[in-house]
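Numbers in my numbering are just positions in the sequence shown, counted from 1, shifted up by 508.
Glycine residues also receive a C-beta, built at the ideal position from the N, C-alpha and C atoms.
Please read all numbers here as calculations on a predicted model, not as lab measurements.
Some notes on the structure that comes next.
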Amino acid sequence: VLYDRLKARGYGEKKLQENMDCEIMEVLVQEARDAYDEEMIVELRSEEVEDVEKNVERIEGWIGEWKKEHGKGGRGDVEAKGVGEKKDEDDPMFLHG
Numbered sequence: 509v510l511y512d513r514l515k516a517r518g519y520g521e522k523k524l525q526e527n528m529d530c531e532i533m534e535v536l537v538q539e540a541r542d543a544y545d546e547e548m549i550v551e552l553r554s555e556e557v558e559d560v561e562k563n564v565e566r567i568e569g570w571i572g573e574w575k576k577e578h579g580k581g582g583r584g585d586v587e588a589k590g591v592g593e594k595k596d597e598d599d600p601m602f603l604h605g
């Protein structure tokens with residue numbers, strides 16, 4: 509609907525894409541606000557390369573703090589469920605009986 513309306517106004521492809529991206533991001537932010545407490549939602553701007561770099565550092569900091577608060581140490585502490593468990597299909601005789 510939005511695309512058709514903007515196209516009818518004569519917007520170029522670049523402008524159409526910018527508007528569509530903006531609309532998508534706004535929908536995602538609203539869904540996050542609907543699903544989580546307001547203090548958990550942080551909008552990060554990424555308009556410049558420096559913004560992205562700062563955002564990565566900020567997120568890494570949040571992850572580090574979460575790990576400290578939840579008793580997680582360095583890398584590799586969290587293992588996917590089932591990793592290291594022996595499964596029937598790991599046995600070479602499984603299919604050959």
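Alpha carbon of residue i to alpha carbon of residue j, nearest angstrom
{"i": "residue 564", "j": "residue 524", "result": "28 angstroms"}
{"i": "residue 577", "j": "residue 515", "result": "50 angstroms"}
{"i": "residue 532", "j": "residue 579", "result": "36 angstroms"}
{"i": "residue 559", "j": "residue 540", "result": "21 angstroms"}
{"i": "residue 573", "j": "residue 552", "result": "18 angstroms"}
{"i": "residue 522", "j": "residue 566", "result": "30 angstroms"}
Limits of the alpha helix (DSSP H) - the one that residue i falls within
{"i": "residue 531", "result": "521 to 543"}
{"i": "residue 515", "result": "510 to 516"}
Reduced DSSP secondary structure (H/G/I, E/B, other) of residue i
{"i": "residue 553", "result": "coil"}
{"i": "residue 580", "result": "coil"}
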